[in-house]
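Reviewing the structure listed below.
Protein chains: 2
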Amino acid sequence: MNVRQKKLIEKLHKLERLSIEEEAVIFKVAPMTIRRDIQLFEKQGIAIRTHGGAVPRISEPAQLFIQPDASAAQKKIARKALELIPDDCNLMLSAGTTTLEVARQLAASDLRICVITNSLPVAAVLFQTKIQVILTGGSLRNNSLDLIGPVTEKNLDEYYIDLLITGCDGASAEEGFFTKDLNLAEMEKKSVKKSSRTIIVTESHKFRKPAFVKFASMTEVSTVITDKKLSGEDASKITKSGIELVLV
Amino acid sequence: MNVRQKKLIEKLHKLERLSIEEEAVIFKVAPMTIRRDIQLFEKQGIAIRTHGGAVPRISEPAQLFIQPDASAAQKKIARKALELIPDDCNLMLSAGTTTLEVARQLAASDLRICVITNSLPVAAVLFQTKIQVILTGGSLRNNSLDLIGPVTEKNLDEYYIDLLITGCDGASAEEGFFTKDLNLAEMEKKSVKKSSRTIIVTESHKFRKPAFVKFASMTEVSTVITDKKLSGEDASKITKSGIELVLV
DNA sequence: TTATTAATGTTAATTTGTAACATTAATTAT
DNA sequence: ATAATTAATGTTACAAATTAACATTAATAA
Chain H
90 MNVRQKKLIE
100 KLHKLERLSI
110 EEEAVIFKVA
120 PMTIRRDIQL
130 FEKQGIAIRT
140 HGGAVPRISE
150 PAQLFIQPDA
160 SAAQKKIARK
170 ALELIPDDCN
180 LMLSAGTTTL
190 EVARQLAASD
200 LRICVITNSL
210 PVAAVLFQTK
220 IQVILTGGSL
230 RNNSLDLIGP
240 VTEKNLDEYY
250 IDLLITGCDG
260 ASAEEGFFTK
270 DLNLAEMEKK
280 SVKKSSRTII
290 VTESHKFRKP
300 AFVKFASMTE
310 VSTVITDKKL
320 SGEDASKITK
330 SGIELVLV
Chain C
90 MNVRQKKLIE
100 KLHKLERLSI
110 EEEAVIFKVA
120 PMTIRRDIQL
130 FEKQGIAIRT
140 HGGAVPRISE
150 PAQLFIQPDA
160 SAAQKKIARK
170 ALELIPDDCN
180 LMLSAGTTTL
190 EVARQLAASD
200 LRICVITNSL
210 PVAAVLFQTK
220 IQVILTGGSL
230 RNNSLDLIGP
240 VTEKNLDEYY
250 IDLLITGCDG
260 ASAEEGFFTK
270 DLNLAEMEKK
280 SVKKSSRTII
290 VTESHKFRKP
300 AFVKFASMTE
310 VSTVITDKKL
320 SGEDASKITK
330 SGIELVLV
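Chains as they are written, first to last, in the working numbering: chain H, 90 to 337; chain C, 90 to 337.
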């Protein structure tokens, strides 16, 4: 491994793309030499060759943090949620795809707040932004990148929470909000009780499938943000119980 | 966005590579069509074009979890550390590049243990393995992916720890082990005191630069694993104070 | 139905990649 | 130190992939 190759690898580690033509000029060697370097890096699993260059190859643990992009509806819901977050507050963001989208938009916003979360993807998105991130401790679930268990709940006692933003696996205009996991429900229950205000962010189709365990009744939440496809019947039920309903 | 394009994106989301030739056959279209699809995906930031195809583009939060590969010495040290981990124990793995390498090797091992850590990369590496992962809560540091602070320390009280494996920023055969960060030192002190045994894993060059804050004196640790470049003088000092020294 | 637009296919020219061999630089043995 | 050997780099001709321009087909609107 020579100096040129080390410098090229350094660039890859900095997540830079390599252009064969450019690097050949920089190092004053034939393009073929850079090409051979890049072939070596690909064999070593460091790079992926592109047409005319190479890009860094991301290692496996990092790939676990890839979360699918949010739907258009989720993006709109998240944008609306952001408007309801006061500056300089303690926000609890629980795990979920819609809440992750809230985190993404928070990362790009000017809000200076403190976010408490049990979701590793949320923490990852907010890492190295203006936002202070606090992770609840606890057991890492084997199927999703979030923390649950008695210690997670105990951790919540350490903080004052102004606002909770959470999603749900299922919902009902009469009953309230549901999740599929019993342990997760316990954690959500505690969060709802602890925080001064609760905003539910969820796509409207969740209202057509109540899930396993209830973690909050409708009257326990302050605001529900969902999309316009919500049935008129459900909408009126929610508003009648005095809950703020925002349709996007 | 048509059906073909949706299916191609699905593949990318599953982290699969696309081959223009293959996909052209699968969807019974001209290679040019697939090429155009892939051009679109690149514009959207979903894919990176390679020579003859495309690979999924990893999103930014995931990229934060990329940690440089361990050195040859670190790999050897980690391998030795693994031999000293009993099956069915509670292991505390603190944050650091050498401990991360221990985690990588643990992930590939047959050990069935529970790992408590304050490092997000360690948690990521051990995610979805046989190993149960517990994260301490606390504040996410802005420069490194680990958790520190009073709540982190309080979290440690919740667990019994058989063995602590940790690295250091600096070391001295007389004084003991050091770290650069005051808050981190507090956390490390507590870990050392809590755990029945402590193994230090560190490259020998750390013995030539004592760092800022001491978190453990030499007699508080059980074993030191380092490379053979350790000076004979340091080696004899360590063994004379009754500490097990393993040179790899 | 026809006009218009969008999507896909086809082709030739360009660029990039490969493989084989030539040349130079670096090691090793003598 | 010099020759022999090996490794690294350069050069060339050829193969493959990409691009760009235009032709064709399918889809949509007038």
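For each residue, glycine too, the CB sits at the ideal point set by N, CA and C.
This one's a predicted model, so the numbers in the text were calculated from it and none came from an experiment.
{"Check": "Using C-beta distances below 7 Å, list every residue in its chain close to K283 of chain H, excluding the 5 sequence neighbours before and after it, in chain order.", "Outcome": "L245, I250"}
{"Check": "With C-beta atoms as the reference, is L104 of chain C less than 8 Å away from P145 of chain C?", "Outcome": "yes"}
{"Check": "Name, going along the chain, the residues of the region 119-139 of chain H whose beta-carbon falls closer than 8 Å to a beta-carbon of chain C.", "Outcome": "I137, R138, T139"}
{"Check": "Could you say which of C:L234, C:V281, C:G226, C:I254 lies nearest to T218 of chain H if we only look at CA atoms?", "Outcome": "C:L234"}
{"Check": "Given this structure, state the Cα-to-Cα distance separating E277 of chain C from Y248 of chain C, to the nearest angstrom.", "Outcome": "15 Å"}
{"Check": "Are the CB atoms of L236 of chain H and L209 of chain C within a distance shorter than 8 Å?", "Outcome": "no"}
{"Check": "Quickly, what does DSSP pair I254 of chain C with across the bridge? List them, please.", "Outcome": "C:L182, C:I288"}
{"Check": "CA-CA distance, L252 of chain C and L173 of chain H?", "Outcome": "46 Å"}
{"Check": "To the nearest angstrom, how far is it from the Cα of S280 of chain H to the Cα of A274 of chain H?", "Outcome": "10 Å"}
{"Check": "Taking three-plus beta-carbon pairs below 8 Å as touching, is the region 313-331 of chain H in contact with the region 198-214 of chain H?", "Outcome": "no"}
{"Check": "Count the C-beta pairs between the region 190-197 of chain H and the region 163-172 of chain H that are closer than 8 Å, then say yes if the count reaches three, no if not.", "Outcome": "yes"}
{"Check": "In angstroms with no decimal places, state the Cα-to-Cα distance between N231 of chain C and F216 of chain H.", "Outcome": "7 Å"}
{"Check": "What residues are listed by DSSP as bridge partners for R124 of chain H?", "Outcome": "DSSP, once it has assigned bridges, lists no residue as partnering R124 of chain H."}
{"Check": "Which bits of chain H does T225 of chain C rub up against, with CB to CB less than 7 Å?", "Outcome": "G226"}
{"Check": "Relative to chain C, which residues along the region 91-116 of chain H have a C-beta separation below 9 Å, given in chain order?", "Outcome": "H102, L104, R106"}
{"Check": "Residue ranges of each alpha helix (DSSP H) run of no fewer than 4 residues wholly in the region 205-260 of chain H, ordered along the chain?", "Outcome": "209-215, 239-245"}
{"Check": "Looking at the strands, I want to know which residues DSSP matches up with F267 of chain H.", "Outcome": "H:G259, H:K303"}
{"Check": "Have a look at I289 of chain C and S261 of chain C and give me their C-alpha separation to the nearest angstrom.", "Outcome": "12 Å"}
{"Check": "Would you please state the rounded distance, in angstroms, between the beta carbons of V255 of chain C and G185 of chain C? I believe it to be under 8 Å.", "Outcome": "Position check: residue 255 of chain C holds Thr in this sequence, whereas Val was assumed. Contact holds; Cβ gap of about 7 Å."}
{"Check": "Shorter than 8 Å from the beta carbon of N356 of chain H to some beta carbon of chain C?", "Outcome": "Beyond the ends of chain H as shown, which are 90 and 337, falls residue 356 of chain H; an answer cannot be given."}
{"Check": "Our contact map puts V302 of chain H next to L271 of chain H with C-beta atoms below 8 Å; I'd like the distance itself, whole angstroms only.", "Outcome": "5 Å"}
{"Check": "Beta carbons nearer than 7 Å to chain H: which residues of the region 272-303 of chain C have them?", "Outcome": "none"}
{"Check": "Less than 8 Å between CB atoms is the rule here; does L342 of chain C satisfy it with respect to chain H?", "Outcome": "Since the first residue shown for chain C is 90 and the last is 337, residue 342 of chain C is missing from the structure and cannot be characterised."}
{"Check": "Let me see if you follow: with CB-CB separation under 8 Å, is L236 of chain H close to chain C or not?", "Outcome": "yes"}
{"Check": "Would you kindly report the start and end of the unbroken beta strand (DSSP E) that includes E105 of chain C?", "Outcome": "Run containing E105 of chain C: none; DSSP gives neither H nor E here."}
{"Check": "Leaving out five residues before and five after I135 of chain C in sequence, what residues of the same chain have Cβ atoms less than 8 Å from its Cβ?", "Outcome": "I98, L101, P145, R146"}
{"Check": "At least one CB of chain H closer than 8 Å to the CB of Q217 of chain C: is that the case?", "Outcome": "yes"}
{"Check": "Does DSSP put L310 of chain C in a helix, a strand or coil?", "Outcome": "For clarity, residue 310 of chain C is Val in the given sequence; the question names Leu instead. Here V310 of chain C sits in coil by DSSP."}
{"Check": "Would you identify the three-state DSSP class for L336 of chain C, choosing helix, strand or coil?", "Outcome": "strand"}
{"Check": "Please state whether DSSP places I137 of chain H in a helix, a strand or coil.", "Outcome": "strand"}
{"Check": "Taking G265 of chain H and M307 of chain H to be in contact with their CB atoms under 8 Å, please state how far apart those CB atoms are, rounded to whole angstroms.", "Outcome": "5 Å"}
{"Check": "Per DSSP, what kind of secondary structure is G331 of chain H in: helix, strand or coil?", "Outcome": "coil"}
{"Check": "Tell me which residues share the same chain as A212 of chain C and place their Cβ nearer than 8 Å to its Cβ, disregarding the 5 neighbours each side in the sequence.", "Outcome": "T206, V222, L224"}
{"Check": "If you follow the alpha helix (DSSP H) that V114 of chain C is in, where does it begin and where does it stop?", "Outcome": "109-115"}
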